[in-house]
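One structure is given below, encoded as structure tokens.
There are 2 protein chains.
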Amino acid sequence: MYNFEYFTPTKVVFGRGTESKVGQLVAEQNCKKVLIHYGKGSVIRSGLLDRVKKSLDEYQVDYIELGGAVPNPRLSLVYEGIELCRKEGVDFVLAVGGGSAIDSGKAIGYGVANEGDVWDFYCKKRQAKGCLPIGVVLTLSATGSEMSNSSVITREEDWNKRGYNCDYGRPKFAIMNPELTMTLPDYQTACGCTDIMMHTMERYFTNGGNMEITDSIAEALLRTVLANAKILMKEPDNYDARAEVMWAGSLAHNGLTGCGNDGGDFASHALEHEIGGMFDVAHGAGLAAIWGSWARYVYQDCLPRFKRYALNVMGVKEEGTDEEIALKGIEAMEDFYREIRMPVTIRELGIEPTDDQLKEMAHKCAAACNNKKGSAKILKEEDMLAIYRMAL
Amino acid sequence: MYNFEYFTPTKVVFGRGTESKVGQLVAEQNCKKVLIHYGKGSVIRSGLLDRVKKSLDEYQVDYIELGGAVPNPRLSLVYEGIELCRKEGVDFVLAVGGGSAIDSGKAIGYGVANEGDVWDFYCKKRQAKGCLPIGVVLTLSATGSEMSNSSVITREEDWNKRGYNCDYGRPKFAIMNPELTMTLPDYQTACGCTDIMMHTMERYFTNGGNMEITDSIAEALLRTVLANAKILMKEPDNYDARAEVMWAGSLAHNGLTGCGNDGGDFASHALEHEIGGMFDVAHGAGLAAIWGSWARYVYQDCLPRFKRYALNVMGVKEEGTDEEIALKGIEAMEDFYREIRMPVTIRELGIEPTDDQLKEMAHKCAAACNNKKGSAKILKEEDMLAIYRMAL
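Quick note, the sequences are listed as chains P and X, same order.
Using this note's numbering, read the first sequence as starting at 74 and increasing by one per residue.
Using this note's numbering, read the second sequence as starting at 74 and increasing by one per residue.
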């Protein structure tokens with residue numbers, strides 16, 4: 074068991090109709106001008122943006138808007154947002170959307186609150202000394218960014234996708250109304266459930282420092298998402314299932330499911346980042362496409378955890394050798410991905426990388442982590458390439 | 074499922090040797106003068122107080138001291154602390170101890186930051202408009218006060234014991250080193266484990282608005298404490314078991330295990346408060362003494378939850394009627410209390426209340442909640458008296 078810090082200052086306001094509280098929550102932050110940051114047009118078409126503005130108006134909160142955040146959010150839009158905020162004297166960023174709008178909003182917040190190029194933080198060249206306060210109205214359960222210290226940005230000039238973790242970026246509040254996720258296409262819902270589970274699985278498959286309470290909370294969370302993802306494929310309007318998944322999404326990535334461990338594995342995320350950066354696939358789908366191959370490549374180095382996962386999460390019966398049980402757990406997980414119509418190979422993502430592209434991805438992935446990634450098994454560049462080839 | 078808010082801004086610094094970070098953590102709060110508030114002499118004898126002062130000295134943080142917090146912490150000491158803080162210009166309260174020092178510290182914080190009598194808040198006469206910032210070095214796993222918005226104070230003149238919940242009082246940071254709890258007498262360890270479990274059980278036994286993820290996290294927490302409390306009765310120096318219980322203590326009462334429900338039952342706490350207020354017994358022991366009688370009095374009105382508790386927490390086999398399963402769960406819980414040498418009746422607390430005293434307790438308990446307490450079953454004064462008599 075390792076020492077740990079746990080810090081989740083985000084005030085969560087969860088449930089039906091809670092977006093009407095956004096004006097009050099922003100006003101409590103004593104800010105003068107808000108940047109409302111969102112993605113494509115769905116928040117406009119659904120009327121959510123109007124409801125948010127109405128609530129801000131009620132509290133006499135001034136605001137400007139910036140739309141256009143896309144999945145794998147782009148650095149160019151971040152630069153645009155920073156310039157806009159400086160010009161307009163913005164001192165609060167309100168992200169209305171999913172992980173893309175939130176991550177992009179966090180990056181804008183870092184950019185405004187610090188001198189120099191914001192990309193430096195994502196390249197690990199230096200640390201931010203602050204961030205504009207961030208608020209969230211969540212419309213998609215997936216990245217957990219609404220309560221996490223993470224954000225991920227892609228630089229278009231070389232499709233370089235990099236994450237930055239910093240407590241200054243933790244949102245001040247997150248409004249979570251599960252009803253707002255009901256109109257999502259099934260594919261996005263499934264991608265979100267995959268991402269949520271992976272945030273906890275990355276923390277679960279480790280070779281060091283586990284706590285029983287952390288593990289059992291992680292398993293409880295994973296079982297909940299597993300069951301409710303299946304429900305949502307049949308009943309996308311099921312409020313309770315939407316709510317279970319939404320709250321799981323925040324808890325999966327706010328630190329709770331990693332307390333006491335060695336920091337987690339996170340190799341699947343690193344491997345997926347290169348696929349997403351080069352081919353712009355949906356993050357959750359990319360994770361599903363890579364996970365089975367990663368698991369088969371590493372499970373013998375982390376057998377007790379893979380066995381426990383099979384028994385306690387996937388419901389595999391305790392029969393046969395530990396290896397057999399572990400492999401059955403991996404198979405059951407891939408069956409689950411198929412059931413929610415997620416890919417289990419890279420080609421099922423609808424892309425066809427050449428071997429040279431796989432080599433480039435492995436090279437970039439290794440470069441981003443000093444050629445050392447993971448805890449279940451520590452991966453080097455050749456391991457990464459082997460997994461990409463297995464997953465093809 | 075109900076809408077909910079979840080707000081746990083306390084920065085947790087958990088693990089071996091973490092008390093050496095107290096100077097840095099206080100300095101980050103930009104405060105000028107600290108009141109170090111503690112209980113009897115154990116923090117002096119163990120050398121902890123000296124280590125805390127050394128760390129504060131390293132960061133040039135000025136401080137004064139106030140000891141004397143006792144279990145069921147007293148209003149008179151709170152008044153003394155408020156006067157001292159005002160006289161000395163204290164702007165930060167550092168509680169070094171368990172729930173008594175923390176709750177007393179919170180009350181001092183409310184008193185300094187607000188005009189008028191601090192007892193008004195505990196009588197629900199008015200709401201606090203602020204609180205001095207609070208920090209904690211935890212030495213006892215029990216009340217969860219290190220991360221909660223709760224504090225409980227006893228007024229000696231009429232032995233009136235009252236709680237106040239307010240987010241201003243949530244500690245800014247909590248240093249949790251499980252090693253600091255190793256020297257506790259077994260009785261205090263067992264009382265702590267009982268209290269921890271009860272904070273989650275109060276939220277679990279409800280008739281409204283449950284979420285699956287909340288329930289399964291609650292069950293994971295309860296099973297963890299159950300197992301590790303037994304370990305600690307045999308191996309009080311077991312670091313991992315101390316750590317599991319300590320972290321469970323914070324999670325049990327920070328709101329996590331109540332998300333989505335109707336606010337919880339909390340009748341066992343209300344019933345115990347009157348025992349503790351009149352007879353000054355240890356809070357955890359008082360809870361154990363009352364719980365079985367409460368459970369038998371109410372279980373038929375909340376049968377699905379009692380059945381689920383029996384199966385998922387106590388490991389009762391699914392045989393017989395729901396009522397039989399529920400009763401076996403209650404029996405198993407009482408057996409657990411006996412195993413960790415907790416009382417299961419009021420007399421086993423070493424006290425012998427008269428029937429008039431039971432009536433007085435029921436009357437005070439009912440008065441404190443407008444004659445309506447609970448969710449598993451809503452209790453009135455006559456129900457409270459019946460439970461006290463059953464528990465005698």
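For every residue, glycine included, the Cβ atom is placed at its ideal position computed from N, Cα and C.
- Within a 10 Å sphere around the beta-carbon of X/Q133 sit fewer than 16 other beta-carbons, which makes this residue exposed.
- Taking 8 Å as the cut-off, the Cβ atoms of P/D164 and P/K245 do not count as close.
- Exclusion of the five residues before and after X/Y372 leaves F379, A399 as the residues of its chain whose Cβ lies within less than 6 Å of its Cβ.
- Taking 7 Å as the Cβ-Cβ cut-off, the stretch 78-90 of chain X approaches chain P at E78, Y79, F80, T81, P82, K84, V85, V86, F87, G88, R89, given in chain order.
- Residues of chain X whose Cβ lies closer than 7 Å to the Cβ of P/N76 are, in chain order, F87, G88, R89, T91.
- Straight-line measurement puts the Cα of P/R420 at about 25 Å from the Cα of P/T273.
- When the five nearest sequence neighbours on each side are left out, the beta carbons in the same chain lying within less than 6 Å of the beta carbon of X/D135 are those of K106, in order along the chain.
- Per DSSP, X/A325 lies in no beta strand (DSSP E) and is assigned neither H nor E.
- Among the CB atoms of chain P, none fall inside 8 Å of the CB of X/R199.
- Every beta strand (DSSP E) stretch that sits fully inside the stretch 175-238 of chain X and reaches 3 residues is listed by chain position as 207-211, 223-228, 233-238.
- Comparing C-alpha distances from P/K401 to each of P/N385, P/T330, P/M415 shows the shortest one belongs to P/N385.
- Within chain P, not a single residue places a beta-carbon under 8 Å from that of X/R124; the smallest gap is close to 16 Å.
- If you look at X/L108, you'll find it in the beta strand (DSSP E) that goes 106-111.
- With the rule of 3 Cβ pairs closer than 8 Å, the stretch 247-254 of chain P does not count as touching the stretch 139-156 of chain P.
- For X/V95, DSSP records no beta bridge to any residue.
- The alpha-carbon of X/I286 is positioned some 7 Å away from that of P/A321.
- Distance from the Cα of P/R243 is smallest, within the candidate group P/G112, P/I175, P/Y370, P/R381, for P/I175.
- The beta carbon of P/V417 sits closer than 7 Å to those of A361, A362, G365, E407, Y410, R411, all from its chain and outside the five residues before and after it, given in chain order.
- In the DSSP assignment, P/K432 falls within the alpha helix (DSSP H) that extends over 428-441.
- Beta-bridge analysis with DSSP links X/T81 to P/T81.
- The stretch 291-306 of chain P makes contact with the stretch 283-299 of chain X, as at least three CB pairs between them are under 8 Å.
- Neighbours of X/S289 in chain P, taken as residues whose beta carbon is under 7 Å from its own, are A293, R296, T297 in chain order.
- Non-local C-beta neighbours of P/E347 in its own chain, meaning closer than 6 Å and more than five positions away in sequence, comprise M434, K437, C438, ordered along the chain.
- Judged by DSSP secondary structure, P/I248 falls within the beta strand (DSSP E) whose first and last residues are 246-249.
- In the structure shown, P/A314 falls within a helical segment according to DSSP collapsed to helix, strand and coil.
- With a cutoff of 8 Å on beta-carbon distance, P/A186 and P/L205 are scored as near each other.
- Cβ neighbours of P/D310 within its own chain (closer than 7 Å, five residues either side excluded): M255.
- One thing to note: X/L458 has its Cβ within 8 Å of the Cβ of X/L431.
- Bounds of any alpha helix (DSSP H) do not take in X/L167; it lies within the beta strand (DSSP E) bounded by 165-170.
- The beta carbons of P/V99 and P/L129 sit closer together than 8 Å.
- Of the candidates X/A302, X/Y277, X/Y370, X/K127, X/Y277 places its Cα closest to the Cα of X/G328.
- Here X/V86 is not near X/M220, since their CB atoms are 8 Å or more apart.
- A buried status is given to P/R315, since no fewer than 16 other beta-carbon atoms sit within 10 Å of its beta-carbon.
- Where P/Y152 is concerned, the enclosing alpha helix (DSSP H) starts and stops at 148-161.
- From the listed residues X/K445, X/C442, X/T427, X/K446, the smallest Cα separation to X/R462 is found for X/T427.
- Within a 10 Å sphere around the beta-carbon of X/T394 sit fewer than 16 other beta-carbons, which makes this residue exposed.
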